[in-house]
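Residue numbers (the working numbering): 20 to 443.
Note that CB positions come from ideal geometry on N, CA and C, so glycine has one too.
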Amino acid sequence: MGAQPRPGASAPGPSGASGTSAASATGLLAAIADVGVDRVRGGYSRHGFDRAELALREWFVAESRARGLDVEVDRNGNLWAWWGKPGPNALITGSHLDSVPGGGAFDGPLGVVSALAAVDLLRARGFVPSRPFAVVVFAEEEGGRFGVPCLGSRLLAGTIDADTARRLRDPEGTTLADAMRKAGLAPERLGRDEESLSRIGCFVELHVEQGRGLIDLGRPVGVASSILAHGRWRFQFTGEGNHAGATPITDRHDPMLPASQLVLAARRAAAAAVGSRATIGRIVPVPGGTNVIASTVDCWLDARASDDATTRSLVTEIEAAARDAAAAEGCRLEVTEESYGDTVIFDPALRDELAGLLDDAPALPTGAGHDAGVLASQVPTAMLFVRNPTGVSHAPAEHAEPDDCEAGVAALAKVLEHLAGSER
Ligand code: GLV
Ligand code: MN
Ligand code: MN
20 MGAQPRPGAS
30 APGPSGASGT
40 SAASATGLLA
50 AIADVGVDRV
60 RGGYSRHGFD
70 RAELALREWF
80 VAESRARGLD
90 VEVDRNGNLW
100 AWWGKPGPNA
110 LITGSHLDSV
120 PGGGAFDGPL
130 GVVSALAAVD
140 LLRARGFVPS
150 RPFAVVVFAE
160 EEGGRFGVPC
170 LGSRLLAGTI
180 DADTARRLRD
190 PEGTTLADAM
200 RKAGLAPERL
210 GRDEESLSRI
220 GCFVELHVEQ
230 GRGLIDLGRP
240 VGVASSILAH
250 GRWRFQFTGE
260 GNHAGATPIT
270 DRHDPMLPAS
280 QLVLAARRAA
290 AAAVGSRATI
300 GRIVPVPGGT
310 NVIASTVDCW
320 LDARASDDAT
330 TRSLVTEIEA
340 AARDAAAAEG
350 CRLEVTEESY
360 GDTVIFDPAL
370 RDELAGLLDD
380 APALPTGAGH
390 DAGVLASQVP
400 TAMLFVRNPT
410 GVSHAPAEHA
420 EPDDCEAGVA
430 ALAKVLEHLA
440 GSER
């Protein structure tokens, strides 16, 4: 493995590619392997504008400058490293540097390091971009800190209201506005960014595959065909906090009961709707004492399905079960939709063109969300996937072999070279 977590979180210096020799994706990942290691959960915890993510952003700026790229931060905290002059009809590639809590080394960073390595490779071949070209790093893609996934790209595209975004809070109560201010950014400027958007001619995001499509097909690289409709709903159950020993069972209003019914209802409903997914991955009982009946329980539902109607009906069914369970225990329930994105079908002509260029690379659907999915409704967008031998993602076992990472860089460079000379 090229990027095993080691303790520590300070910003590493540039890896030494310095624009003269081509860096490998694995070498670049190794340079950031110490940043944001989570000693409690395992893997990495790197969240939007926290210490680890800021260290990675600093590292990205240094790597970009070492290559002679000019780095801009847009109104929404996304980083753009320009090879040549920024301008319209730009070819953009990149991904994100943040992770889920206890995530793997590849989801996000592989797309960023592959973009930098592809720049090195293209340069070594004497390629000079004939159109504006940039490597982008989107902010808070996982929503691991402020709850809304693809926050940087949603803000860029204007698909989340700026005031709503500014008020988002992390588990410690810090707002996005305060976290951005602390990072030297200006949250009053958040919002749809016509200037940055109108410059994007085409976006290509390379990503580690989050599934077993490529391993089963025996191919190192694939292209994305679609993304499931998906969203996050917050279920807040309120009961009565009390003593675990002194309160008779018949006198309780324990919100953990309907919360546990919610977990079961999510699995039941998703199992009954083929291809659907429903997950409760985050439950916070308050106050959270062993000998305390919780007064509230905060649960997050992640639900996904092939289309809008199926996703909506899945959530309706789960909510109905949760409401019945809350009523039976004498608890209240408040449900809030925190984020939503409809099904994405990537531009079929672009997908087929890139698949053809990459020796008929297989086209794969995915259940995972991406900034490319947000941008797909605004600009021609494509994704490349790199084989993941475990199929596991959002967990420390997420992996891509060094040879496959380099195959991904070669594929990305080929795609960028091709698109640089095309109308897209
Ligand atoms: C992000 O990777 C998601 O699918 O939630
Ligand atoms: Mn992810
Ligand atoms: Mn990702």
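Whole-number beta carbon distance between residue j and residue i, since they are thought to touch under 8 Å
i, j, result
"residue 11", "residue 141", "With the chain represented from 20 up to 443, any question about residue 11 goes unanswered, as that position is not in the structure."
"residue 220", "residue 369", "Not quite, the Cβ-Cβ distance comes to about 12 Å (not below 8 Å), so this is no contact."
"residue 394", "residue 222", "5 Å"
"residue 67", "residue 170", "7 Å"
"residue 145", "residue 177", "With 8 Å as the limit, residue 145 and residue 177 do not qualify as a contact, their Cβ atoms being about 39 Å apart."
"residue 186", "residue 194", "6 Å"
"residue 313", "residue 367", "Actually they are not in contact, since the Cβ atoms of residue 313 and residue 367 sit about 49 Å apart, beyond 8 Å."
"residue 164", "residue 270", "Not quite, the Cβ-Cβ distance comes to about 38 Å (not below 8 Å), so this is no contact."
Residues near residue i by beta carbon distance below 7 Å, same chain, minus five either side
i, result
"residue 208", "94"
"residue 264", "310"
"residue 430", "240, 377 and 403"
"residue 272", "258, 259, 348, 349 and 350"
"residue 324", "247, 248, 292, 294, 295, 330 and 333"
"residue 51", "31, 75, 78 and 128"
"residue 168", "160, 161, 162, 358 and 388"
"residue 278", "256, 302, 316 and 318"
"residue 374", "242, 380 and 382"
"residue 212", "93, 94, 95 and 175"
"residue 158", "67, 95, 96, 97, 170 and 171"
"residue 266", "312"
"residue 436", "141 and 146"
"residue 342", "352"
Nonlocal neighbours in the same chain, by C-beta distance under 6 Å from residue i, ignoring five residues either side
i, result
"residue 340", "284"
"residue 253", "319, 355 and 357"
"residue 37", "Annotation note: pLDDT 43 at residue 37 (below 50); position unreliable, coordinate value reported separately. Excluding residues within five positions, the ones whose Cβ falls inside 6 Å are 85."
"residue 424", "44 and 45"
"residue 91", "99"
"residue 327", "248 and 361"
"residue 289", "295, 296 and 297"
CB of residue i within 8 Å of CB of residue j, strictly
i, j, result
"residue 120", "residue 64", "yes"
"residue 135", "residue 47", "yes"
"residue 126", "residue 417", "yes"
"residue 42", "residue 227", "no"
"residue 415", "residue 166", "no"
"residue 360", "residue 410", "no"
"residue 204", "residue 155", "no"
"residue 335", "residue 256", "no"
"residue 130", "residue 225", "yes"
"residue 401", "residue 337", "no"
"residue 321", "residue 251", "yes"
"residue 107", "residue 439", "no"
"residue 199", "residue 190", "no"
"residue 280", "residue 344", "yes"
"residue 132", "residue 102", "no"
"residue 179", "residue 188", "no"
"residue 118", "residue 229", "no"
Per-residue burial, residue i [other beta carbons within 10 Å of its own, 16 or more giving buried]
i, result
"residue 239", "buried"
"residue 123", "buried"
"residue 396", "exposed"
"residue 217", "exposed"
"residue 262", "exposed"
"residue 268", "exposed"
"residue 407", "buried"
"residue 23", "For residue 23, the pLDDT reaches just 43, beneath the cut-off of 50, and the residue's location in the model is therefore unreliable, leaving the point undetermined."
"residue 112", "buried"
"residue 390", "buried"
"residue 153", "buried"
"residue 306", "exposed"
"residue 405", "buried"
"residue 346", "exposed"
Proximal residues to residue i (C-beta, below 8 Å), its chain only, five neighbours per side dropped
i, result
"residue 245", "362, 363, 364, 365, 384 and 385"
"residue 104", "151"
"residue 71", "28, 54, 55, 63, 64 and 65"
"residue 25", "Unreliable placement is indicated for residue 25, whose pLDDT of 46 sits below 50; the coordinate value is still reported in the next sentence. Same-chain partners within the cutoff: 52, 53 and 56."
"residue 434", "223, 373, 376, 377, 401 and 403"
"residue 422", "239"
"residue 398", "216, 219, 220, 221 and 222"
Counterpart residues of residue i in DSSP-defined beta bridges
i, result
"residue 99", "91 and 155"
"residue 254", "318 and 354"
"residue 147", "Residue 147 is not bridged to any residue."
"residue 324", "248"
"residue 296", "323"
"residue 221", "110"
"residue 404", "226 and 241"
"residue 56", "63"
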